[in-house]
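Participant:
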Amino acid sequence: MKKILLWLLCISSLTISAQKDFQGKAIYQSKTKMNMDFGNRQMSEEQKKRIEQRMKSFSERIYILSFNTTESLYKEEERLGAPTGQREGRFQSMMSSFSNGVQYKNVKEKELLESKEFFGKKFLIEEKLETPKWEMTGETKQIGQYTCLKATIVKSIDDVAFRRFRPRRKGNNEEKKEQSSETKKEVTVTAWYTPQIPVSNGPGEYGGLPGLILEVNAGRTTILCSEIVLNPSEKQEIKKPTKGKKVTREEYDKIAKKKMEEMREMFQRRRGGNGRGRGRF
């Protein structure tokens, strides 16, 4: 098996390197399992189903990765459709603030740029593209027509974004305990990559392997490639995003956390009838 995979890698590398204008496009489906614990809140089954449906539309998304041998653009596929009412509109507006923008990677220059719009304000996140220390397991499996190898890494992820919007219905001790747990936690990320497409890239921030990553499992999120087109007839120019206030990842996370806290307080005031407020960046 190792000899076969090495042969595939060599043949694919020679084929792609011989193509000066090589480009590809991969379609990924991302699904995140949401915590549907409604606590002690009294809700009818119809209300629960309606909330679950809203959360499902947010947690299941489709992304497009356009790539060449060194660069890539990763963005969410545009979806048509409008909210059906005022409540739905407010909910969708809040949820859309967490949507990923356009992400640019240059594996040769070790550059990562991400353009995001957060509550109407544009940001351009700049950071160095780190090479993850993947651990190769030697396991293989077939994804479509591609033979894939398994690699794992332990990574810190933030799994608390949605908790910040939950109403504070608990006692002080419970609330403090929850707030103290709002830190990044470590999870084992599993990636399946194929040497048949020898580009060191993948969905989102994932990459750094000797082949395109076709599947990622990280915590509650699974990202799976559903379609690959190599050398499409319509080429896409891969350009760096340039619009937005330039910030580091740490600066952006602080801004986002502060804004989410403001939004939760605002929703609480509206629910309690104490007036309406609006936070600022």
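As numbered in mature numbering (1 follows the signal peptide of the UniProt record, and there is no 0), residues -18 to -1, 1 to 263 make up the sequence shown, in order.
Positions of the beta carbon are idealized from the N, C-alpha and C atoms, including for glycine.
#1: How should K87 be labelled, buried or exposed, when 16 other C-beta atoms within 10 angstroms of its C-beta is the threshold for buried?
#2: Can T230 and E112 be called in contact, C-beta distance under 9 Å?
#3: In terms of residue numbering, what span does the beta strand (DSSP E) encompassing M118 cover?
#4: Which one of G189, I135, I125 has the shortest CA to CA distance from V169?
#5: Taking the alpha carbon of K115 as the point to measure from, which residue in G226, D235, A133 has its own alpha carbon closest?
#6: Just to confirm my understanding: we take P185, look at its own chain, exclude 5 residues before and 5 after, and list those with CB closer than 7 Å. What are they?
#7: Is K217 closer than 9 Å to Q85 when the C-beta atoms are compared?
#8: Consult DSSP for V142 and reduce its assignment to one of helix, strand or coil.
#9: Given a cut-off of 9 Å on the beta-carbon distance, is the pair F49 and I220 in contact?
#10: Suppose the cutoff is 7 Å on Cβ atoms and the five residues either side in sequence are ignored; what does the same chain contact list for K222 look like?
#11: Can the beta-carbon of I210 be found closer than 9 Å to that of G126?
#12: Tell me, which residues are paired with K221 by DSSP?
#13: My assumption, with CB atoms under 8 Å, is that L131 sits in contact with Y175. Please give the rounded CB distance.
#14: Taking the straight line between their C-alpha atoms, what separation do you get for E27 and K167?
#15: For the beta strand (DSSP E) containing S97, list its first residue and its last residue.
#16: Contact defined as beta carbons within less than 8 Å: I believe T52 pairs with T203. What is the distance between those atoms, to the nearest angstrom?
#17: Thinking just about the alpha-carbon of each residue, which of T172, R43, M16, P192 is nearest to the one in S208?
#18: Tell me the rounded alpha-carbon separation between A173 and D3.
#19: For K104, collect the residues of the same chain with a Cβ closer than 6 Å to its Cβ; drop the 5 residues on either side in sequence, then sort them by chain order.
#20: Thinking C-beta only, is K7 closer than 9 Å to P180?
#21: Compare the Cα-Cα distances from S138 to each of M16, V171, E243, G190 and report the closest residue.
#22: In angstroms, rounded to a whole number, what distance separates the CA positions of E244 and Q250?
Facilitator: According to the structure shown:
#1: The Cβ neighbour count for K87, taken over all protein chains shown within 10 Å, is at least 16; the residue is labelled buried.
#2: no
#3: 117 to 125
#4: I135
#5: The residue from G226, D235, A133 with its alpha-carbon nearest to that of K115 is A133.
#6: Y10, Y45, L47, Y56, I195, V198, I205
#7: The answer is no: Cβ separation not under 9 Å.
#8: With a pLDDT of 42 at V142, under the threshold of 50, the modelled position of that residue is not reliable, and no figure is offered here.
#9: yes
#10: Hits under 7 Å: Y86, L95.
#11: yes
#12: Per DSSP, none; premise fails for K221.
#13: 6 Å
#14: 32 Å
#15: 93 to 100
#16: The C-beta distance from T52 to T203 rounds to 27 Å, too long to meet the 8 Å contact threshold.
#17: R43
#18: The C-alpha of D3 is placed about 27 Å away from the C-alpha of A173.
#19: K225, G226
#20: no
#21: It is V171 whose Cα lies nearest to the Cα of S138.
#22: 10 Å
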